[in-house]
Structure formats: C-alpha cells, structure tokens
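Heads up: the sequence shown at position 105 corresponds to 234 in the numbering used here, and the numbers run straight through without jumps.
First up is the structure itself, then whatever we jot down about it.
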Amino acid sequence: MAQIEITSHFMVPPRIIYQCLNDPERLTALMQSPVQYKAEIGSKFVLFGGAVSGEIIDLKVNEKIVYKWRFNSWPDGKYSHVEITLTEGEDGDDETDLTLVQSDIEQKDIMRTENGWKMIYFERMKKMFGY
C-alpha cells in the first residue's frame, strides 16, 4: 500500500474551498459528471458515475474533510483514507493552503489517484475561480 501527499494554494478563502468540495452542484460541475454526495458524517458518496465511492468520516467546517475512499476496481471492502486540511494562506484569510494526504492506496493506482486530485479537482477548481 502507498500514500500520496499533495499541497495546493488557492486565492480564495478556506470557506469557498470547503463549500466547493461539499456541495453536490459544485462537485457535479467540477467533475463534469453526476455525483451522489451529502455533506454529513457517515454519509456514503458516489462520484464519476460509480468509478469512485466512499464515506464521509469527519467534517470540520472550513478546516477539514476526511473520507473512506475507493475505486470500484478495488476488492470489495478495500478503502483508502483521505484527509484534506484547509488553512489560511500566509497572506491572510483570503487565500487557502490545501493539504491532501491519502493512504492505503493500491500501488498500481498511485499515479491515477494523484493525477485525478491534481487535474480533476484542484486545477479545475482554480479555473472555476478564474485563475
């Protein structure tokens, strides 16, 4: 099993990033596919037409999101652990530093997972915000 850590800087406040990652309409726009997602601890979610699924383990408004997360190609019951932390940027509360740590990833899916977060989530979010 493997782990990835990704950091990304956004020129919007943490509350905007938190909303974007927890609002089904924004997630649908971001992923360009339907999602089943409700921002509640214990709620199960389905993304990318079923290619990814999981469960919300913890939410701290505007600060942290924790998931059990899996590709549908993984063995039944096999999940990775995702923790997304949002902090105010060094230049103040109008910016966000995001850190994502995902552990227990199938070795063969490291690049696919890391590229998905970077390109589908973070780069598209920046474009949505106009930069």
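All C-beta atoms in this analysis are idealised placements derived from N, C-alpha and C, irrespective of residue type, glycine included.
Model, not experiment: these values are computed from the prediction.
- For residue 224, the secondary structure class from DSSP, reduced to helix, strand or coil, is strand.
- For the pair residue 234 and residue 168, the CB atoms are not nearer than the 7 Å cut-off.
- Leaving aside the five residues that flank residue 158 on each side, the residues in its chain whose CB is nearer than 8 Å to its CB run, in chain order, 257.
- A direct Cα-Cα distance of roughly 8 Å separates residue 156 from residue 163.
- By the neighbour-count criterion, in which 16 or more other beta carbons inside 10 Å mark a residue as buried, residue 190 falls on the exposed side.
- Residue 194 holds the alpha-carbon nearest to the alpha-carbon of residue 216 among 194, 154, 244, 200.
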